[in-house]
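Protein sequences appear in the order of chains A and B. Okay, so the first sequence: first residue is 1 according to this note's numbering, each after it adds one. Okay, so the second sequence: first residue is 1 according to this note's numbering, each after it adds one. All C-beta atoms in this analysis are idealised placements derived from N, C-alpha and C, irrespective of residue type, glycine included.
There are 2 protein chains.
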Amino acid sequence: MPRIAIDMDEVVADALAEYLSRYNADFEEKLTKQDLLGKRLADLVPSEHWPRLDAYFDDEQFFRNLEVIDGSQEVIRELAEHYDIYIVTAAMEIPCSLAPKFEWLQRHFPFIPPDNYVFCGNKGIVAADYLIDDSVYQLERFQGQGILYTSPRNINETRFPRVNDWNDVREMFLRKPVLAGTA
Amino acid sequence: MPRIAIDMDEVVADALAEYLSRYNADFEEKLTKQDLLGKRLADLVPSEHWPRLDAYFDDEQFFRNLEVIDGSQEVIRELAEHYDIYIVTAAMEIPCSLAPKFEWLQRHFPFIPPDNYVFCGNKGIVAADYLIDDSVYQLERFQGQGILYTSPRNINETRFPRVNDWNDVREMFLRKPVLAGTA
Chain A
1 MPRIAIDMDE
11 VVADALAEYL
21 SRYNADFEEK
31 LTKQDLLGKR
41 LADLVPSEHW
51 PRLDAYFDDE
61 QFFRNLEVID
71 GSQEVIRELA
81 EHYDIYIVTA
91 AMEIPCSLAP
101 KFEWLQRHFP
111 FIPPDNYVFC
121 GNKGIVAADY
131 LIDDSVYQLE
141 RFQGQGILYT
151 SPRNINETRF
161 PRVNDWNDVR
171 EMFLRKPVLA
181 GTA
Chain B
1 MPRIAIDMDE
11 VVADALAEYL
21 SRYNADFEEK
31 LTKQDLLGKR
41 LADLVPSEHW
51 PRLDAYFDDE
61 QFFRNLEVID
71 GSQEVIRELA
81 EHYDIYIVTA
91 AMEIPCSLAP
101 KFEWLQRHFP
111 FIPPDNYVFC
121 GNKGIVAADY
131 LIDDSVYQLE
141 RFQGQGILYT
151 SPRNINETRF
161 PRVNDWNDVR
171 EMFLRKPVLA
181 GTA
């Protein structure tokens with residue numbers, strides 16, 4: 001079976017929503033994902049807020065309670081019938097996220113065996129046919145076919161096939177052929 | 001640069017020594033690595049001891065305090081000048097080992113960046129030219145050239161090039177060519 005590697009944050013786990021929610025609560029702001037189109041949060045907020053932003057990732061609870069991205073569970077379950085599915089996350093950037101990410105995957109994607117989790121840094125090390133990821137940095141390193149999953153920061157990128165949501169992923173990987181001339 | 005993936009347990013971290021030391025202390029035994037040649041510990045000890053053996057891995061401290069395998073630091077430092085080095089460990093089998101393994105690598109191999117750590121299950125997902133591993137199971141799945149690092153349980157295996165220690169690894173990957181006819 002062809003192998004699809006799937007990123008976690010912003011692809012199956014809504015880390016950005018949690019990040020904005022903490023920021024808005026701490027600084028009485030009302031920033032939305034819409035405000036972040038083509039930008040990083042650091043472009044929008046005063047530099048004196050940055051240390052507080054970094055600290056969100058030092059809290060193990062951050063990664064434990066992320067919402068699941070709409071449609072990802074259903075579509076990945078369907079994909080798993082036709083493709084070998086691996087979850088591949090750059091967890092080494094935030095070591096305290098290792099255990100919470102493992103637990104989160106077990107809770108929300110129990111049909112993917114831990115044998116198919118990959119916690120890494122540089123995704124150039126991943127041997128797969130496809131990588132669905134919102135990080136242009138990682139897609140540039142990956143040796144197979146990269147698929148860009150839309151997130152606010154990547155909307156101006158044009159070098160990779162793009163999916164905007166999990167319906168688009170289903171359409172790309174599970175579309176039925178149209179058979180002409182069958183009686 | 002060609003890429004070498006290197007396993008942790010029994011290749012750079014002496015998990016078996018710690019395992020035997022705990023077993024011998026708990027049951028007043030004197031088992032050695034020599035006793036384990038071609039066997040698993042479960043073949044040698046009464047089945048009523050097995051639950052205690054499994055429990056060693058549930059202790060986070062187990063993976064924090066492992067001895068470094070002789071020669072691994074020096075040789076990997078030399079290899080890193082000519083090869084792209086990744087540490088690849090099947091940590092998903094034992095989720096409580098994730099954080100301790102990260103800390104252990106930072107302490108004992110500070111010259112390998114965390115970007116080059118891979119914590120996975122099935123090593124068939126690893127895109128590298130070589131994998132140095134004591135697990136036949138993993139070498140069978142790996143798509144590049146597998147190199148079997150000798151450990152007691154694998155001494156009867158003949159399907160892979162074998163290294164008995166880190167001097168053998170140095171010899172295999174860093175041997176200088178003999179130049180005939182140079183004046």
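Sequence-distant residues of the same chain with beta carbon closer than 7 Å to A/Phe142, five excluded per side:
What you label residue 142 of chain A is simply residue 142 of the first sequence in a count that begins at 1. Answer for A/Phe142: Lys123, Gly124, Val126, Leu131, listed in chain order.
Can you tell me whether A/Ala13 is helix, strand or coil according to DSSP?
Within the first sequence, the letter at position 13 stands for residue 13 of chain A. Here A/Ala13 sits in strand by DSSP.
Which runs of the alpha helix (DSSP H) spanning at least 4 residues fall entirely within the stretch 79 to 111 of chain A, listed in chain order?
98 to 108
Could you name the residues of the same chain whose beta carbon sits closer than 8 Å to that of A/Gln145, not counting the 5 residues immediately before and after it, in chain order?
To locate residue 145 of chain A, count along the first sequence from 1; it is residue 145. Asp129, Tyr130, Leu131, Pro161.
In angstroms, rounded to a whole number, what distance separates the CA positions of A/Phe111 and A/His82?
Translated into positions along the first sequence, residue 111 of chain A becomes position 111. Translated into positions along the first sequence, residue 82 of chain A becomes position 82. Whole-angstrom Cα-Cα distance: 14 Å.
I want to know whether the stretch 82 to 100 of chain A touches the stretch 4 to 15 of chain A - three or more CB-CB distances under 8 Å.
yes
Environment of A/Lys101 [buried if 16+ CB atoms lie within 10 Å]
Position 101 of the first sequence holds residue 101 of chain A. So A/Lys101 counts as buried.
Kindly indicate which three-state DSSP category B/Gly38 falls into: helix, strand or coil?
What you label residue 38 of chain B is simply residue 38 of the second sequence in a count that begins at 1. Coil.
With DSSP run on the structure shown, which of helix, strand or coil describes A/Asp165?
By one-based count along the first sequence, residue 165 of chain A stands at place 165. Coil.
Cβ atoms of A/Trp104 and A/Phe62: under 8 Å apart, would you say?
In the first sequence, residue 62 of chain A corresponds to position 62, counting from 1. In the first sequence, residue 104 of chain A corresponds to position 104, counting from 1. No.
List, in order along the chain, the chain A residues whose C-beta lies closer than 9 Å to that of B/Gly38?
Position 38 of the second sequence holds residue 38 of chain B. Within chain A, no residue comes near B/Gly38; the closest Cβ sits about 26 Å away, beyond 9 Å.
Taking a cut of 8 Å between CB atoms, which residues from the stretch 125 to 143 of chain A lie near chain B?
Ile125, Val126, Ala127, Ala128, Gln143
Taking the CB atoms as reference points, tell me whether A/Glu140 and A/Gly121 lie closer together than 8 Å.
One-based indexing of the first sequence puts residue 140 of chain A at position 140. One-based indexing of the first sequence puts residue 121 of chain A at position 121. No; because the gap between Cβ atoms is not below 8 Å, this pair is not in contact.
Do we get a CB-CB distance below 8 Å when we pair A/Asp115 with the residues of chain B?
For the purposes of this step, residue 115 of chain A is taken as the residue at position 115 of the first sequence. Output row for A/Asp115: interface = yes.
Do you know offhand how far B/Asp7's Cα is from B/Gln138's?
As a position in the second sequence, residue 7 of chain B is number 7, starting the count at 1. As a position in the second sequence, residue 138 of chain B is number 138, starting the count at 1. Computed Cα separation, rounded: 10 Å.
Is any heavy atom in the ligand ADP found nearer than 7 Å to the beta carbon of A/Asp35?
The model on display carries no ligand, and the ligand ADP is accordingly not part of it.
In chain order, what residues of the same chain have a beta carbon less than 7 Å from the beta carbon of A/Phe27, not counting five sequence neighbours either side?
Start at 1 with the first residue of the first sequence, and residue 27 of chain A comes out as number 27. Once the five neighbours on either side are set aside, the close Cβ partners of A/Phe27 are His49.
Listing by chain order, which chain A residues have their CB less than 8 Å from the CB of B/Phe207?
A question about residue 207 of chain B goes unanswered here, because the residues of chain B that appear run from 1 up to 183.
Please identify the residue among B/Asp134, B/Asp165, B/Trp166, B/Arg22 whose C-alpha is closest to the C-alpha of B/Leu214.
Chain B is shown only over 1 to 183; residue 214 of chain B falls outside these bounds and no answer can be derived.
Between B/Gly146 and chain A, is any beta-carbon pair separated by less than 8 Å?
Indexing the second sequence from 1 puts residue 146 of chain B at position 146. No, because no Cβ of chain A sits closer than 8 Å to the Cβ of B/Gly146.
Using a threshold of 8 Å, state whether the C-beta atoms of A/Val169 and A/Thr150 are closer than that.
For the purposes of this step, residue 169 of chain A is taken as the residue at position 169 of the first sequence. For the purposes of this step, residue 150 of chain A is taken as the residue at position 150 of the first sequence. Contact: no.
Under the three-state DSSP convention, the category B/Ala25 falls into
Here the question's residue 25 of chain B lines up with position 25 in the second sequence. Helix at B/Ala25.
Mind checking A/Ala99: buried by the 16 CB within 10 Å criterion, or exposed?
Reading the first sequence from its first residue, position 99 is the one you call residue 99 of chain A. Per the 10 Å Cβ criterion, buried.
Taking only beta-carbon atoms, is A/Phe184 less than 8 Å away from chain B?
A question about residue 184 of chain A goes unanswered here, because the residues of chain A that appear run from 1 up to 183.
Which of helix, strand or coil DSSP assigns to B/Arg3:
As a working mapping, residue 3 of chain B is identified with position 3 in the second sequence. Of the three classes helix, strand and coil, the one that applies to B/Arg3 here is strand, per DSSP.
Does the separation of the CB atoms of B/Phe119 and A/Phe109 fall below 8 Å?
Taking the first residue of the second sequence as 1, we reach residue 119 of chain B at position 119. Taking the first residue of the first sequence as 1, we reach residue 109 of chain A at position 109. Going by C-beta atoms, B/Phe119 is not nearer than 8 Å to A/Phe109.
Using a Cβ-Cβ cut-off of less than 8 Å, list which residues of the stretch 7 to 24 of chain A approach chain B; keep chain order.
none
If we call anything under 8 Å between Cβ atoms a contact, is B/Arg159 one with B/Lys39?
Position 159 of the second sequence, counting from 1, holds the residue named residue 159 of chain B. Position 39 of the second sequence, counting from 1, holds the residue named residue 39 of chain B. No. Outside cutoff.
Measuring straight from C-alpha to C-alpha, what distance separates A/Asp70 and B/Ala55?
Numbered from its first residue, the first sequence carries residue 70 of chain A at position 70. Numbered from its first residue, the second sequence carries residue 55 of chain B at position 55. If I take the Cα positions, the gap works out to 38 Å.
Taking beta-carbon pairs under 8 Å, can you tell me which members of the stretch 72 to 86 of chain A lie near chain B?
Tyr86
Rank B/Met172, B/Cys96, B/Asn167, B/Glu29 by C-alpha distance to the C-alpha of B/Phe72 and give the top, closest one.
Working through the second sequence from its first residue, we reach residue 72 of chain B at position 72. Residue identity check: residue 72 of chain B is Ser in the sequence provided, not Phe. Closest option to B/Ser72, Cα to Cα, is B/Asn167.
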